[in-house]
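**Q**
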Ligand code: NAD
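Put into structure tokens, the structure is as follows:
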């Protein structure tokens with residue numbers, strides 16, 4: 001499979017194509033992707049700017065209808081999109097099928113919310129008349145990571161397009177084929193130039209974030225990349241919208257039913273091989289329940305079958321890329337060297353393929369110091385530290401002792417008590433007795449983080465305010 005850039009609704013070939021390896025079978029190629037450069041970024045941004053002049057004039061109803069049509073097109077092709085994506089990014093196929101479905105749900109949620117978000121406000125008194133209109137900004141740069149490329153792309157671009165902006169998307173080099181497939185499909189329903197895609201790494205991303213015609217950057221990815229982007233945005237005073245990493249705590253209260261809670265916490269940590277921004281990254285357990293929690297967590301974790309992402313029997317896939325694989329392997333090595341109590345669990349489903357992919361066994365770390373690296377970092381892989389605590393006050397302090405603030409969860413049989421603790425957590429989102437959003441939460445909770453986990457929000461009605469400018473018109477009435 002060979003994937004080109006897509007600018008002004010046309011395929012653009014480039015001089016170089018990068019090979020993308022299957023992370024679960026490195027001896028196989030998932031495909032070849034075109035390597036863009038700064039000239040392609042300029043071409044794409046100019047096309048988006050040109051398209052903006054007429055796209056901005058379309059009505060919200062027209063844009064909603066085009067996006068609904070796009071969603072139907074994606075739905076028809078969901079299974080091929082999921083296969084391509086799973087092969088290149090290593091996330092289990094079953095998970096990726098769900099990811100496409102969830103991405104479509106997010107799209108439809110935001111289309112449904114758009115009419116209330118864009119109502120024109122008119123206010124009048126005897127001295128004057130005021131109108132406040134939300135207008136599109138122009139060309140928005142959309143930069144997405146590899147770990148959930150389909151849903152993250154769809155939830156990012158839907159409100160941007162609904163608001164009347166045009167886009168240049170730069171996917172991650174290790175997960176761009178599925179993204180290009182959906183964007184090409186969507187672009188067929190849009191006027192040329194509204195949706196553009198340029199492929200490549202950080203150099204291409206940086207050409208995009210520094211382009212003077214880009215009005216805002218919407219970025220999902222790591223914190224250090226966000227720092228570089230913010231610096232580059234400063235040159236031309238662009239706005240930034242960041243969805244960044246997390247170090248989500250799960251706090252188990254002493255009235256929690258461990259039979260119910262432990263399976264959900266293990267799943268909340270190890271789903272997608274731990275590679276999702278709001279994965280549970282540390283668990284706090286009362287001293288009296290610690291051993292029981294540990295035993296149960298180990299038993300459940302040991303049941304994971306680690307194998308190739310397209311193997312239907314696998315329940316845990318590989319790590320997405322070499323850099324991340326080495327980073328997590330070194331983290332585990334440092335833990336081992338420190339003498340901390342850790343266990344590597346899970347079954348090797350395809351032992352003969354083990355060295356041929358970025359496979360890691362899930363690790364549970366016990367009796368860990370609350371300030372240890374494994375507790376304070378964003379591991380973004382299958383390593384879970386368990387930390388004991390004595391009092392609620394102590395656990396709230398430990399949970400908040402971080403520069404991250406994306407998700408968090410409280411586990412208890414008493415809703416009021418859990419809510420009391422939830423209200424004291426510094427995070428963009430706190431879940432009770434789950435770690436993630438219900439379908440209601442998905443529609444209405446602004447998704448994102450506080451502190452260094454992000455700037456701005458995605459999803460819910462609030463997202464539309466990220467990608468608009470206000471235009472106020474004030475009429476001075478003649479005083480009689
Ligand atoms: P990354 O920051 O390395 O890369 C993300 C994207 O930025 C890629 O497309 C990359 O090519 C591009 N990029 C790299 N350097 C750039 C530069 N200088 N200028 C512009 N673009 C540049 O992140 P990753 O490893 O792909 O993804 C993992 C990170 O993403 C984790 O920290 C994770 O928590 C975070 N994440 C956050 C959310 C969220 O919604 N909060 C969701 C998923 C992932």
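Numbering (UniProt numbering), first residue to last: 1 to 480.
Heads up, the beta-carbon is just placed ideally off N, CA and C, and yes, glycines get one too.
Which whole runs of the alpha helix (DSSP H) in the region 105-154 are 4 residues long or more, in chain order?
**A** Whole alpha helix (DSSP H) segments, 4+ residues: zero.
**Q** Verify whether the separation of the beta carbon atoms of residue 158 and residue 106 is less than 8 Å.
**A** yes
**Q** Using a Cβ-based criterion (distance less than 7 Å to any ligand heavy atom), does residue 244 qualify as near ligand 1?
**A** True, at least one ligand heavy atom lies under 7 Å from that Cβ.
**Q** With burial defined as no fewer than 16 other Cβ atoms inside 10 Å of the residue's Cβ, what is the status of residue 475: buried or exposed?
**A** exposed
**Q** Please state the DSSP three-state secondary structure of residue 276.
**A** coil
**Q** Report buried or exposed for residue 457, applying the criterion of at least 16 other Cβ atoms within 10 angstroms of its Cβ.
**A** Sixteen is the threshold: when 16 or more other Cβ atoms of the shown chains lie within 10 Å of the Cβ of residue 457, as they do, the residue is buried.
**Q** Could you tell me which uninterrupted alpha helix (DSSP H) segments, each at least 4 residues in length, are contained entirely in the region 66-103, listed from first to last along the chain?
**A** 78-89
**Q** Mapping DSSP to helix, strand and coil, what is residue 444?
**A** Helix at residue 444.
**Q** Just reading off the alpha helix (DSSP H) that residue 417 is part of, what are its end residues?
**A** Where residue 417 is concerned, the enclosing alpha helix (DSSP H) stretches over 415-422.
**Q** Are the Cβ atoms of residue 55 and residue 261 separated by less than 8 Å?
**A** Against a cut-off of 8 Å, the Cβ pair of residue 261 and residue 55 comes out as no contact.
**Q** Which class does residue 387 belong to by DSSP, given the choice of helix, strand or coil?
**A** strand
**Q** Cβ of residue 386 within 8 Å of Cβ of residue 283?
**A** yes
**Q** Apply the 10 Å Cβ neighbour rule to residue 40 and answer buried if 16 or more other Cβ atoms are within range, or exposed otherwise.
**A** buried
**Q** Report, in whole angstroms, the separation of the C-beta atoms of residue 9 and residue 136, which I expect to be a contact under 8 Å.
**A** Actually they do not touch by this definition, with Cβ atoms about 20 Å apart.
**Q** Entirely within the region 260-348 and at least 4 residues each: give me those alpha helix (DSSP H) ranges in chain order.
**A** 290-302, 322-337
**Q** What span of residues does the alpha helix (DSSP H) with residue 491 cover, start to end?
**A** Beyond the ends of the chain as shown, which are 1 and 480, falls residue 491; an answer cannot be given.
**Q** Expressed to the nearest angstrom, what Euclidean distance is found between the alpha-carbon atoms of residue 395 and residue 295?
**A** 21 Å
**Q** Distance, Cα to Cα, residue 464 vs residue 163?
**A** 7 Å
**Q** If contact is defined by three or more beta carbon pairs under 8 Å, each pair taking one atom from either stretch, is the region 211-219 in contact with the region 129-143?
**A** yes
**Q** Can you give me the Cβ contacts of residue 205 inside the same chain, cut-off strictly under 6 Å, excluding the 5 residues immediately before and after it?
**A** 143, 170
**Q** Could you spell out where the alpha helix (DSSP H) holding residue 40 opens and where it closes?
**A** 38-55
**Q** Identify whether residue 170 lies in helix, strand or coil by the three-state DSSP scheme.
**A** strand
**Q** When you compare only the Cα positions, how much space is there between residue 379 and residue 472?
**A** 46 Å
**Q** How many Å lie between residue 229 and residue 241 at the Cα?
**A** 10 Å
**Q** Going by other Cβ atoms of all chains shown within 10 Å of its Cβ, with 16 needed for buried, is residue 33 buried or exposed?
**A** Buried.
**Q** Applying the 10 Å Cβ sphere with the 16-neighbour rule, what's the burial state of residue 87?
**A** Per the 10 Å Cβ criterion, buried.
**Q** List the residues that DSSP assigns as beta-bridge partners of residue 411.
**A** 252
**Q** Between residue 167 and residue 47, which are expected to be in contact by the criterion C-beta below 8 Å, what is the C-beta distance as a whole number of angstroms?
**A** Their Cβ separation, rounded to whole angstroms, is 11 Å, which puts residue 167 and residue 47 out of contact at 8 Å.
**Q** Assuming residue 103 contacts residue 155 under a Cβ cut-off of 8 Å, what Cβ separation, rounded to an integer in Å, is found between them?
**A** Yes, residue 103 and residue 155 are in contact; Cβ-Cβ is about 7 Å, under 8 Å.
**Q** If contact is defined by three or more beta carbon pairs under 8 Å, each pair taking one atom from either stretch, is the region 439-456 in contact with the region 296-304?
**A** no
**Q** Just reading off the alpha helix (DSSP H) that residue 20 is part of, what are its end residues?
**A** Where residue 20 is concerned, there is no enclosing alpha helix (DSSP H), although the beta strand (DSSP E) it sits in stretches over 17-22.
**Q** Is the Cβ of residue 261 closer than 8 Å to any Cβ of chain B?
**A** Looking for chain B here will not work: only one protein chain is present.
**Q** Do you know offhand how far residue 74's Cα is from residue 108's?
**A** 12 Å
**Q** Give the DSSP-derived three-state secondary structure of residue 176 in the structure shown.
**A** coil
**Q** Give a yes or no on whether the C-beta atoms belonging to residue 428 and residue 453 are separated by under 8 Å.
**A** yes
**Q** Less than 7 Å between the CB of residue 6 and some heavy atom of ligand 1, yes or no?
**A** no
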